[in-house]
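In the numbering used here, the protein residues as written are 290 to 564.
Here's what the structure looks like:
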């Protein structure tokens, strides 16, 4: 059965978003080149059973305005603070996948008194502690040559193990290709620079989050063990830095493991959020 949801254009913030479910608000932040409509429906449905799930488009992606400021991890986090203010959400659970996890970490350090919990999906600490993907995988991820269909096939091969990737291609390759065709290459280039800067010399937010975790911020870390985009050993680095964090590792899971294990992951997150 289709989920009932509300959809909004950017309004005063310029950030488009969708909202579904009932319960405490959960801000779900997507990653590189991904929109609010790219989440797996079964995964969203599981989360919406106990939360009001708010899925934004990052600036310049999907239906969100590009704005006048540079696309950085910080500017994307700032957009989401403004969105929460606009929605009059005082306290929120925050979850981020991949680059969305970078944004989530930045966000929680800026508004720690408003974040009830932090869920980090297939992401890393940034800075020198992070285990980075190989240059070959990075080149594949950012390769925008060829037709949208060719780009879609390359992306699917990166996000999933071979067997599952074949299933996705047979059922959703055209949808992914159409989504790729709508993306703005200039915004993607800025997102790519933002991700590169995440590993730069500036101090990443993990130390501040570690301090918040010691003071009681609940953290869930989940990662697919066959992730080629952000290697799974990053989950151990995160859990080592964050006191009392829950750690879940999914054997056979690729980078987009929420689409492989939607029920298991959404059930785990719901259990964590209800703790």
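Quick reminder that beta carbons are idealized off the backbone N, C-alpha and C, glycines included.
Residues near residue i by beta carbon distance below 6 angstroms, same chain, minus five either side
i: residue 385; result: 318, 392, 393
i: residue 347; result: 365
i: residue 332; result: 547, 551, 555
i: residue 445; result: 454, 457, 458
i: residue 418; result: 526
i: residue 465; result: 441
i: residue 521; result: 512, 514
Straight-line gap, residue i to residue j (C-alpha atoms, nearest Å)
i: residue 358; j: residue 304; result: 13 angstroms
i: residue 343; j: residue 554; result: 17 angstroms
i: residue 294; j: residue 309; result: 4 angstroms
i: residue 312; j: residue 507; result: 18 angstroms
i: residue 436; j: residue 345; result: 27 angstroms
i: residue 523; j: residue 510; result: 10 angstroms
i: residue 356; j: residue 500; result: 33 angstroms
i: residue 360; j: residue 557; result: 32 angstroms
i: residue 530; j: residue 320; result: 22 angstroms
i: residue 325; j: residue 425; result: 28 angstroms
i: residue 378; j: residue 362; result: 21 angstroms
i: residue 352; j: residue 468; result: 12 angstroms
i: residue 447; j: residue 463; result: 17 angstroms
i: residue 420; j: residue 482; result: 18 angstroms
i: residue 472; j: residue 350; result: 7 angstroms
i: residue 477; j: residue 328; result: 19 angstroms
i: residue 409; j: residue 381; result: 15 angstroms
i: residue 487; j: residue 512; result: 19 angstroms
i: residue 354; j: residue 302; result: 9 angstroms
i: residue 535; j: residue 406; result: 11 angstroms
i: residue 396; j: residue 374; result: 13 angstroms
i: residue 297; j: residue 307; result: 6 angstroms
i: residue 330; j: residue 461; result: 13 angstroms
Close beta carbons around residue i, own chain, < 8 angstroms, minus the five adjacent residues each side
i: residue 559; result: 335, 336, 338, 339, 340
i: residue 290; result: Residue placement at residue 290 is flagged as unreliable, the pLDDT there being 41, under the threshold of 50; the coordinate-derived value follows with that caveat. Cβ within range, chain order: n/a, list empty.
i: residue 503; result: 532
i: residue 492; result: 416
Identity of the residue in the options nearest residue i by Cα
i: residue 514; options: 467, 436, 422, 539; result: 539
i: residue 389; options: 382, 411, 372; result: 411
i: residue 427; options: 498, 296, 517, 302; result: 517
i: residue 429; options: 475, 441, 529; result: 441
i: residue 315; options: 322, 376, 351; result: 376
i: residue 416; options: 485, 404, 470, 302; result: 485
i: residue 452; options: 326, 549, 350, 296; result: 549
i: residue 470; options: 433, 404, 413; result: 433
i: residue 505; options: 368, 402, 480, 492; result: 402
i: residue 479; options: 322, 464, 418; result: 322
i: residue 475; options: 431, 368, 298, 561; result: 431
Coil, strand or helix - residue i by DSSP
i: residue 376; result: coil
i: residue 517; result: coil
i: residue 318; result: strand
i: residue 444; result: helix
i: residue 290; result: Interpretation of residue 290 is limited by its pLDDT of 41, a score under 50 that renders its predicted location unreliable; no figure is taken from the coordinates.
i: residue 336; result: helix
i: residue 360; result: coil
i: residue 538; result: strand
i: residue 550; result: coil
i: residue 385; result: strand
i: residue 511; result: strand
i: residue 295; result: strand
i: residue 328; result: coil
i: residue 308; result: strand
Sequence-distant residues of the same chain with beta carbon closer than 7 angstroms to residue i, five excluded per side
i: residue 450; result: 515, 541, 543
i: residue 563; result: 339
i: residue 596; result: Past the boundaries of the shown model lies residue 596; the chain is included only from 290 to 564, so the question cannot be answered.
i: residue 519; result: 387, 411, 412, 413, 422, 544
i: residue 443; result: 429, 432
- Message: Report the start-end ranges of each alpha helix (DSSP H) in the region 406-481 that is 4 residues or longer and not cut off at the edges.
- Response: 424-430, 437-448, 451-470
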